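Visitor: Residue numbers (the working numbering), protein chains in the order written: chain A, 216 to 402; chain B, 216 to 402.
Using N, Cα and C, we set each Cβ at its ideal position, and we do this for glycine too.
Model, not experiment: these values are computed from the prediction.
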DNA sequence: CCATTGAGTAAACAACTGTTTGCTGAAATC
DNA sequence: GATTTCAGCAAACAGTTGTTTACTCAATGG
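Listed below in structure tokens is the structure:
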């Protein structure tokens, strides 16, 4: 799996060959079948690995509480740190979210759906969501998750200066969204 | 190019073979070199084709004026119509925006940057942006473009019922963003 | 009307592809 | 201490890959 992740730095998953993977891993082609039935099988395993670490991140980003301003700064910092530490995983998820291999795509979608539900639950418990309908809370949760994934995807391929710009913009955007949240009238 | 687009329904660009493309196009392998130096070359040509039609869409989505509510409904409808009529192009852009082939990725990024600038200019001319700083307008433009691309990407792989849900959510999200815009204090 | 160009072809090249088979040796289990 | 499982190997299989070469033939243009 590490070998595959290394190769995926420069290509998409649907362009990966299994001989290529075993060569990079330093073993014989036949050895592959001891661990996975398919390349798609490996892909699904990579999704689970990649989004397990992301799971902790989501929790961390929503854990702290205090002023909205500080909350946002903290969340963006958590994302940036996560990307720096798990660049290959983030790239993989960003690349294959709409990629060409159906089982991988579906595994990512299923996992992101779980995140969205988790975020929705966290939002519903905040006082700011008092009186909100279920659909409205979901809608905001999707907005947050999509924004988080897109920010991570952008950061993953950014140098130091670009990273500064992206995080600055992300903070502003989150502020605008939270402003919209405060003035929303749910019905 | 049509043949390639057809093959890209079920795989990513970095998994495409040129023999595969010529076979689908009904010609001999050598014929490929009469039109493109590379597969990457073909990819860049596809980006231009795909985003030329999207260019019209952006214009159309921002053309109408009236109540914010109607504006949003109109914009979402324009997006949904576009996806239905250019499904293959939309899928290609969504898939390769963070895909494994650098020249293609960069061509998409450059074209989306042009859209963002165009949207930013349109926003700056609206009365709602009076007194806004340049960076704040850019930030909102990026939010809109990203949201549009992501909505299109989701729609591209949706059936009729899912499409209904996605457009409903997208409208709500745009309303929230526009609400945030109204209460933003630029500095 | 003749020359040039554009767009196509077939054939050949070595290199690489996914998968199966039968084999080995170490580790774990009973 | 014997046996079963685990994780690896080399070799072979027919197909497929990107690229080059020398060729045809219709359309275009002066």
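Is DSSP giving residue 400(A) helix, strand or coil here?
Guide: It is coil, neither helix nor strand.
Visitor: Would you kindly work out how many angstroms separate the C-alpha atoms of residue 255(B) and residue 262(B), rounded to a whole number?
Guide: Straight-line Cα distance between these residues: approximately 11 Å.
Visitor: Run through DSSP, which three-state label would residue 252(B) get?
Guide: Residue 252(B): coil per DSSP, three-state reduction.
Visitor: Let me know the alpha helix (DSSP H) ranges lying completely inside the segment 266 to 317 of chain B, each 4 residues or longer, listed in chain order.
Guide: Counting whole runs of 4 or more residues, the segment 266 to 317 of chain B contains the alpha helix (DSSP H) stretches 283 to 300, 302 to 311.
Visitor: Can you tell me whether DSSP reads residue 351(A) as helix, strand or coil?
Guide: Three-state DSSP puts residue 351(A) in a helix.
Visitor: At a Cβ threshold of 7 Å, is residue 313(B) touching chain A?
Guide: Interface residue, yes.
Visitor: Could you give the distance in angstroms between the alpha-carbon of residue 383(B) and the alpha-carbon of residue 315(B)?
Guide: So the alpha carbons of these two residues sit roughly 32 Å apart.
Visitor: What separation, rounded to the nearest whole angstrom, lies between the Cα atoms of residue 457(B) and residue 243(B)?
Guide: Residue 457(B) falls outside the range modelled here, since chain B spans only 216 to 402, and no answer is possible.
Visitor: Can you tell me the Cα-Cα spacing of residue 353(A) and residue 229(B), whole angstroms?
Guide: About 35 Å.
Visitor: Quick one, are the C-beta atoms of residue 356(B) and residue 322(B) less than 7 Å apart?
Guide: Their beta carbons are not under 7 Å apart, which means residue 356(B) does not touch residue 322(B) by this criterion.
Visitor: Decide if residue 268(B) is buried, meaning its Cβ has at least 16 other Cβ atoms within 10 Å, or exposed.
Guide: Counting Cβ neighbours within 10 Å, residue 268(B) comes out exposed, since fewer than 16 surround it.
Visitor: In chain order, what residues of the same chain have a beta carbon less than 6 Å from the beta carbon of residue 417(A), not counting five sequence neighbours either side?
Guide: Outside the shown range of chain A (216 to 402) lies residue 417(A), about which nothing can therefore be said.
Visitor: Taking only beta-carbon positions, decide if residue 384(B) is within less than 7 Å of chain A.
Guide: Yes, because at least one Cβ of chain A sits closer than 7 Å to the Cβ of residue 384(B).
Visitor: Can you list the residues of chain B that residue 230(A) reaches, using a CB-CB cut of under 9 Å?
Guide: In chain order: 226, 227, 228, 229, 230, 231, 315, 316.
Visitor: Count the other CB atoms within 10 Å of the CB of residue 388(B); is the residue buried (16 or more) or exposed (fewer)?
Guide: Buried: at least 16 other Cβ atoms inside 10 Å.
Visitor: So, for residue 359(B): in the same chain, excluding its five sequence neighbours on each side, which residues have a beta-carbon less than 7 Å away from its beta-carbon?
Guide: The residues are 334.
Visitor: Rounded to the nearest angstrom, what separates residue 328(A) and residue 270(A) at their Cα positions?
Guide: Computed Cα separation, rounded: 12 Å.
Visitor: Which term fits residue 377(A), buried or exposed, when burial requires 16 or more other beta carbons within 10 angstroms of its beta carbon?
Guide: It counts as exposed.
Visitor: Give the interface partners of residue 341(B) over in chain A, defined as CB-CB distance under 9 Å, in chain order.
Guide: Per Cβ cutoff of 9 Å: no residues; residue 341(B) is ~15 Å from chain A at best.
Visitor: For the segment 343 to 352 of chain A against the segment 245 to 260 of chain B, do three or more pairs of beta-carbon atoms, one drawn from each stretch, fall closer than 8 Å, so that the two count as touching?
Guide: The segment 343 to 352 of chain A is not in contact with the segment 245 to 260 of chain B.
Visitor: Helix, strand or coil: which one does DSSP assign to residue 344(A)?
Guide: Residue state, collapsed to three classes: helix.
Visitor: Compute the Euclidean distance between the alpha carbons of residue 247(B) and residue 237(B), then round it to the nearest angstrom.
Guide: Distance between the alpha carbons of residue 247(B) and residue 237(B): 7 Å.
Visitor: Can you check whether the C-beta of residue 280(A) is within less than 7 Å of a C-beta belonging to chain B?
Guide: Not one chain B Cβ lies under 7 Å of residue 280(A).
Visitor: Is the shortest distance between the beta-carbon of residue 438(A) and the beta-carbons of chain B less than 7 Å?
Guide: Here chain A has residues from 216 to 402 only, and residue 438(A) is not among them.
Visitor: How many whole angstroms separate the CB atoms of residue 386(B) and residue 291(B), which I take to be in contact at a CB cut-off of 8 Å?
Guide: At roughly 5 Å, the Cβ-Cβ gap stays under 8 Å, so residue 386(B) and residue 291(B) are in contact.
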